[in-house]
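At position 207 of the sequence shown (counting the first as 1) the number is 207 in UniProt numbering, and the numbers step up by one without a gap. Note that the Cβ used here is the ideal one computed from N, Cα and C, for glycine as well. Predicted model only: the values in this text are computed from it and were never measured.
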Amino acid sequence: MEALSRAASARDTITVAICTCDRGARLIPAVRSILAAGGGYRELIVIDQSANLETRDALALFIAQGHVRWIPSATRGSGHSRTIALQAARSEYVAFTDDDCLVEPGWLEAHLDALRQFPGVALSYGAVLAAEYDPALGYIPDYPIQRSKRCVSWRDRMNARGIGANFAVRRQEILDLGGFDPALGAGAPYFSAEDRDLTLRCFAAGLGVYECAESRVVHEGFRGWAQGRRHTQNDWFGLGAVFAKPLRDGQWRMLPYLLHEFTRFALLPFLLALLSPQKKKGFLRIQAFIAGFARGWIGAGRPSITSEDPRLPLEGSFDFPLPRQAAAPREG
């Protein structure tokens, strides 16, 4: 009875969105998991940046039955498509998951409970668990959350990273920030990090961020080690650009976030690897971060907080090629 009441209260309040590109029928398990999980959402929208109609055709039955609203877009990049989802949604909140994830029952209600309980929170990240895989062959990006919390303390704010496979937002607050940076994210010029960028912009604007352990999705996006190297390079190239933006705008209070991210997750692992007789690792992150930071600083970056004089997105004013290894087609 309580579950039915929560579902009824969610209806017309929250929209579920998936942003996809060239996935075709591989998107179907994600859609089925959302429909099976329920949660009383207003609608499920799919923003499709595919170069063909395979995804639409795969979703034809769901569209005909009214389970999915399909929105094609000629834009590129997940940052762009996430903003389109916000603009298309007709609800107060929007929850996102990826096209290679399976949501668990209760994932949506947990986000909604958090956003309702804490009015100052504009962004709620959920747990992303890796599906079963062979670690000898590669890995699956994940983001486990041990306990739910508002990221208020200095330590929690520094470590609030989240990933875009499971999160929910207050629609209008994020639109007021300018939405997602279209130059960031899979398929965009900076390949990644539109989720990390949003977190930093929320902190800079005084908006709260929440980590929701009760909201869980299973990520099936396996990457072989060769593919993982490219993925790491893309991630850190995007992160470099993300951290360049607020500093270029004179927001030096964001510098500790950069120092923490770079030192803990790039520099320190590299220095520790130097002491190990095993294969050296970690320099790729440093190299990609510096390259992304330089490009982000040169570019006309979108402001990190609300501005009446918005600048061009990051891709503006570049006239030299990206690092060859970083330039990769969008992965699902």
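Given residue i, which residues of its chain have a CB within under 6 Å of its CB, disregarding the five upstream and five downstream residues?
{"i": "H260", "result": "M158"}
{"i": "L123", "result": "V169, C202, V209"}
{"i": "A188", "result": "G77, G79"}
{"i": "residue 335", "result": "This structure does not reach residue 335, given that the chain is present from 1 up to 332, and the question cannot be answered."}
{"i": "C151", "result": "R157, A160, V209"}
{"i": "H231", "result": "R223"}
{"i": "residue 342", "result": "In the structure as shown, the chain begins at 1 and stops at 332. Residue 342 is therefore absent and cannot be evaluated."}
{"i": "G120", "result": "G208"}
{"i": "A17", "result": "I45, A85, V94, F96"}
With residue i as the anchor, note down where its alpha helix (DSSP H) starts and where it stops.
{"i": "P141", "result": "Looking at the DSSP string, P141 is not in any alpha helix (DSSP H), and its letter there is neither H nor E."}
{"i": "W236", "result": "225 to 248"}
{"i": "D57", "result": "54 to 58"}
{"i": "R155", "result": "154 to 159"}
First and last residue of the beta strand (DSSP E) that includes residue i?
{"i": "E194", "result": "No beta strand (DSSP E) holds E194; the alpha helix (DSSP H) holding it covers 194 to 204."}
{"i": "H219", "result": "208 to 219"}
{"i": "I163", "result": "Segment: none, I163 is in no beta strand (DSSP E) and carries neither H nor E."}
{"i": "D48", "result": "44 to 48"}
{"i": "L129", "result": "121 to 130"}
{"i": "L175", "result": "First-last for L175: 171 to 176, but that is the alpha helix (DSSP H), not the beta strand (DSSP E)."}
{"i": "residue 361", "result": "The requested residue 361 is not part of the displayed model; the chain covers only 1 to 332."}
In the structure shown, what three-state DSSP assignment does residue i receive?
{"i": "A266", "result": "helix"}
{"i": "G39", "result": "coil"}
{"i": "T83", "result": "helix"}
{"i": "Y93", "result": "strand"}
{"i": "G332", "result": "Any reading at G332 must be qualified, since the residue scores a pLDDT of 40, below 50, and its modelled position is unreliable; no value is offered."}
{"i": "V68", "result": "coil"}
{"i": "A168", "result": "strand"}
{"i": "G106", "result": "coil"}
{"i": "R147", "result": "coil"}
{"i": "A300", "result": "Because the pLDDT at A300 is just 45, under 50, the model does not fix this residue reliably, and the point stays unresolved."}
In its own chain, which residues sit with a C-beta less than 7 Å from the C-beta of residue i, not counting the 5 before and 5 after it?
{"i": "A51", "result": "D22"}
{"i": "L35", "result": "H67"}
{"i": "F180", "result": "G79, R82, T83, E194, L198"}
{"i": "E308", "result": "Only weak support exists for where E308 lies, its pLDDT of 35 falling under 50; the value from the coordinates is given anyway. Counting only Cβ-Cβ distances below 7 Å, and skipping sequence neighbours, we find nothing."}
{"i": "R147", "result": "A213"}
{"i": "L86", "result": "V94, R171, I174, L175, G179"}
{"i": "L200", "result": "V242, P246, M254, Y257, S304"}
{"i": "A58", "result": "G24, A25, L27, I28"}
Residue i and residue j look like a contact to me (Cβ under 8 Å); what is the Cβ gap, rounded to whole Å?
{"i": "S73", "j": "I45", "result": "With 8 Å as the limit, S73 and I45 do not qualify as a contact, their Cβ atoms being about 11 Å apart."}
{"i": "R171", "j": "V103", "result": "In fact, because the Cβ distance is near 19 Å, the residues do not count as touching under 8 Å."}
{"i": "R69", "j": "E43", "result": "6 Å"}
{"i": "A89", "j": "T15", "result": "4 Å"}
Near residue i, which residues of its chain fall below 8 Å by C-beta distance, leaving aside the five closest residues on each side in sequence?
{"i": "A294", "result": "G240, A244"}
{"i": "T306", "result": "Reliability fails at T306, whose pLDDT of 33 lies under 50, so the model's placement of it is uncertain and no value is given."}
{"i": "I219", "result": "Residue identity check: residue 219 is His in the sequence provided, not Ile. Taken in chain order, the residues that qualify are D98, D100, C101, V128, L129, A130, A131, I140, P141, D142, A165."}
Does the CB of residue i have a neighbour CB from chain B at under 7 Å?
{"i": "A273", "result": "Note that chain B does not occur in the displayed structure, where there is just one protein chain."}
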